[in-house]
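There are 2 protein chains.
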Amino acid sequence: MDHHDHSPFDGADTDGAPLDEAFTPRQEEVLEAALGLLVEGGERAITTAGLARAANCSKESLYKWFGDRDGVLAAMIAYQASKVRVAVGGPAAQRPADTYRADLEGFGIDLLAVLSGPASLALNRLAIGQASREGSRLGDLLVARGRRAVSSRAKGLLEAGKRAGHLRFEDTQGAFETLYGLIVRDMHVRLMLGEHVPATNTDRAMATHVAAAIDQFFRLYGADAQS
Amino acid sequence: MDHHDHSPFDGADTDGAPLDEAFTPRQEEVLEAALGLLVEGGERAITTAGLARAANCSKESLYKWFGDRDGVLAAMIAYQASKVRVAVGGPAAQRPADTYRADLEGFGIDLLAVLSGPASLALNRLAIGQASREGSRLGDLLVARGRRAVSSRAKGLLEAGKRAGHLRFEDTQGAFETLYGLIVRDMHVRLMLGEHVPATNTDRAMATHVAAAIDQFFRLYGADAQS
DNA sequence: TCCGTACCGTACCGTTCGGTACGGTGTCAA
DNA sequence: TTGACACCGTACCGAACGGTACGGTACGGA
Chain A
11 MDHHDHSPFD
21 GADTDGAPLD
31 EAFTPRQEEV
41 LEAALGLLVE
51 GGERAITTAG
61 LARAANCSKE
71 SLYKWFGDRD
81 GVLAAMIAYQ
91 ASKVRVAVGG
101 PAAQRPADTY
111 RADLEGFGID
121 LLAVLSGPAS
131 LALNRLAIGQ
141 ASREGSRLGD
151 LLVARGRRAV
161 SSRAKGLLEA
171 GKRAGHLRFE
181 DTQGAFETLY
191 GLIVRDMHVR
201 LMLGEHVPAT
211 NTDRAMATHV
221 AAAIDQFFRL
231 YGADAQS
Chain B
11 MDHHDHSPFD
21 GADTDGAPLD
31 EAFTPRQEEV
41 LEAALGLLVE
51 GGERAITTAG
61 LARAANCSKE
71 SLYKWFGDRD
81 GVLAAMIAYQ
91 ASKVRVAVGG
101 PAAQRPADTY
111 RADLEGFGID
121 LLAVLSGPAS
131 LALNRLAIGQ
141 ASREGSRLGD
151 LLVARGRRAV
161 SSRAKGLLEA
171 GKRAGHLRFE
181 DTQGAFETLY
191 GLIVRDMHVR
201 LMLGEHVPAT
211 NTDRAMATHV
221 AAAIDQFFRL
231 YGADAQS
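So the protein lines, in turn, are chains A and B.
For reference, each letter of the first sequence is one residue, going 11 to 237 in the numbering used here.
For reference, each letter of the second sequence is one residue, going 11 to 237 in the numbering used here.
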């Protein structure tokens with residue numbers, strides 16, 4: 011049920027969670043408009059009539075392209091994820107300790123910036139709202155698409171640090187999850203609840219917070235940390 | 011529209027959270043039924059007609075007691091929070107190191123158990139879904155009621171540990187947030203997205219994970235940690 | 001006994017929304 | 001010119017929902 015990588019076009023199958031990429035430019039315009047509506051007004055703001063009006067398209071086209079309203083929501087997540095397709099490679103070369111630390115901090119700041127961005131928050135709220143509904147795979151889709159990119163970039167960074175002798179750990183996944191917890195804490199949930207989180211307000215505040223988190227991370231996983 | 015707080019007494023909390031309405035037993039029955047609907051079917055499952063049917067009450071009573079549908083949702087959060095009214099005091103006496111560590115682990119396990127519970131997940135999903143809507147204070151309400159209880163218990167525990175010489179830190183809030191991040195990581199979000207999180211499946215898995223997290227916490231904030 | 005109160009169950013209304021149908025327009029190819 | 005195609009805009013339908021009104025019932029106090 012999870013493996014349908016490249017479908018030539020999204021056909022008339024309306025049952026499962028079908029569609030992957032391969033959106034036409036016109037469809038991407040529509041999805042962009044849908045994202046705008048979502049960011050501004052939440053899920054209830056995405057009505058078929060409202061989206062058609064906002065995107066200057068017909069409802070008939072919506073149903074032709076996306077099957078039904080849920081198909082539009084799924085397509086929005088797939089589309090947004092395809093946009094964020096991160097360059098995962100990163101610096102493979104050996105880097106001195108302070109530069110490597112700056113890489114880690116850069117990762118942390120990027121992570122916080124993404125999580126606190128309005129589009130990300132809106133999509134996460136959408137997926138969480140749909141998660142209670144049975145048979146909705148939006149959550150899985152979001153996790154698979156979004157988290158994977160972050161996770162792979164972080165793990166590459168961590169293993170590079172290990173090879174370079176800056177870090178020491180056995181379980182890459184565990185180290186990544188600890189790093190995530192130290193950086194994000196409960197900010198993501200609080201942001202989604204609409205709370206005002208100071209550490210995500212300005213670049214300066216984010217940098218300060220991330221620096222402290224990376225400090226803690228090095229005390230747990232640094233090469234000179236006592237086991 | 012917002013000020014109908016005829017709070018008889020019970021003004022224990024000093025912060026801004028306003029409402030302390032005491033619900034009658036009948037109203038609590040209705041709210042319990044509403045929670046059941048919410049847990050099972052998400053926010054869309056709470057319709058005025060459906061709730062009236064499930065709770066064997068009339069729609070007229072719903073509107074009399076709670077004002078409108080949003081009032082029902084707010085009352086659900088207030089009611090659930092009032093149920094969880096935690097015994098915050100905890101052991102004030104000095105405790106030896108290993109017992110104190112067990113206290114911390116107990117806190118962590120309780121925290122994970124609460125966050126992964128179906129009622130908590132459903133309420134958080136509800137509040138997050140409403141957060142996009144302007145003028146909705148459900149998120150604030152949930153944070154104020156739920157988070158505050160956890161936070162105060164944890165801070166009491168941490169400061170007791172500091173006085174007993176088990177911990178060393180300056181910023182209690184910062185230490186608590188680090189502890190929270192080490193324990194919860196991104197599990198809360200993933201649970202709300204409907205994902206299957208192994209570390210919250212069994213008591214054993216939770217205990218193992220929390221023990222590791224407390225290990226890390228002591229390496230950062232233990233009295234014998236290098237600064 | 002009578003009346004007020006609180007409540008239940010049902011019927012009802014106006015609106016919104018998902019989904020479908022249809023006519024009209026621009027384009028490209030034969 | 002003709003026809004096929006993709007699309008837009010609008011009108012329409014049925015269902016669901018929030019909210020209100022009304023009749024009927026139990027109870028407790030004067």
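Ideal Cβ placement from N, Cα and C applies to all residues, glycine included.
These numbers were taken from a predicted model, which means no experiment stands behind them.
Exposed unless 16 or more other CB atoms sit within 10 angstroms - verdict on residue i
i, result
"S68 (chain A)", "exposed"
"R163 (chain B)", "buried"
"T188 (chain B)", "buried"
"R36 (chain A)", "exposed"
"D20 (chain A)", "The predicted position of D20 (chain A) is uncertain, since its pLDDT is 33 and thus under 50; no value can be drawn from it."
"G236 (chain B)", "It should be noted that the sequence gives Gln, not Gly, for residue 236 (chain B). The residue in question, Q236 (chain B), is exposed, as its Cβ has fewer than 16 Cβ neighbours within 10 Å."
"D196 (chain A)", "buried"
"A32 (chain B)", "exposed"
"T34 (chain B)", "exposed"
"H206 (chain B)", "exposed"
"Y231 (chain B)", "buried"
"V160 (chain B)", "buried"
"R158 (chain A)", "exposed"
"R111 (chain B)", "buried"
"D94 (chain B)", "Rather than Asp, the amino acid found at residue 94 (chain B) in this sequence is Val. V94 (chain B) comes out exposed."
Pair within 7 Å by beta-carbon distance, residue i and residue j
i, j, result
"L133 (chain A)", "A85 (chain A)", "no"
"A137 (chain A)", "L203 (chain B)", "yes"
"V194 (chain B)", "E115 (chain B)", "no"
"S126 (chain A)", "L201 (chain A)", "yes"
"F227 (chain A)", "L192 (chain A)", "yes"
"L242 (chain A)", "T182 (chain A)", "Beyond the ends of chain A as shown, which are 11 and 237, falls residue 242 (chain A); an answer cannot be given."
"F179 (chain B)", "A185 (chain B)", "yes"
"A223 (chain B)", "A215 (chain B)", "no"
"A91 (chain B)", "R147 (chain B)", "no"
"I87 (chain B)", "L152 (chain B)", "yes"
"A43 (chain A)", "A59 (chain A)", "no"
"R135 (chain A)", "S71 (chain B)", "no"
"V49 (chain A)", "P128 (chain A)", "yes"
Enclosing alpha helix (DSSP H) for residue i [first to last residue]
i, result
"S142 (chain B)", "Per DSSP, S142 (chain B) belongs to no alpha helix (DSSP H) and is neither H nor E."
"F257 (chain A)", "There is simply no residue 257 (chain A) to check, as chain A begins at 11 and stops at 237 in what is shown."
"E115 (chain A)", "107-126"
"F179 (chain A)", "F179 (chain A) -> no alpha helix (DSSP H), and no H or E assigned at all."
"D196 (chain B)", "Here D196 (chain B) belongs to no alpha helix (DSSP H), and DSSP marks it neither H nor E."
"T218 (chain A)", "213-231"
"R4 (chain B)", "Because chain B spans 11 through 237 in this model, residue 4 (chain B) falls outside it and cannot be assessed."
"R79 (chain A)", "79-93"
"R36 (chain B)", "35-51"
"G60 (chain B)", "58-65"
Any non-hydrogen atom of the ligand GDP closer than 6 Å to residue i Cβ
i, result
"R195 (chain A)", "Only the bare structure without any ligand can be found here, which leaves the ligand GDP out of the picture."
ask   = Relative to chain A, which residues along the region 188-217 of chain B have a C-beta separation below 7 Å, given in chain order?
value = T188, Y190, G191, L192, V194, R195, D196, H198, V199, R200, M202, L203, G204, E205
query = In chain order, what residues of the region 121-140 of chain A put their CB closer than 9 Å to some CB of chain B?
reply = L131, A132, N134, R135, L136, A137, I138, G139, Q140
request  = Could you say if the region 172-180 of chain B and the region 105-117 of chain B meet the contact criterion of at least three C-beta pairs nearer than 8 Å?
outcome  = yes
inquiry  = Along the region 152-181 of chain A, where does the CB come closer than 7 Å to a CB of chain B? Name the residues.
reply    = L152, V153
ask   = For the region 223-235 of chain B, which residues have a CB atom closer than 9 Å to at least one CB atom of chain A, in sequence order?
value = A223, Q226, R229, L230, A235
task = Could you list the residues in the region 41-58 of chain A with a C-beta less than 9 Å from some C-beta on chain B, going in chain order?
result = L48, V49, E50, G51, G52, E53, R54, A55
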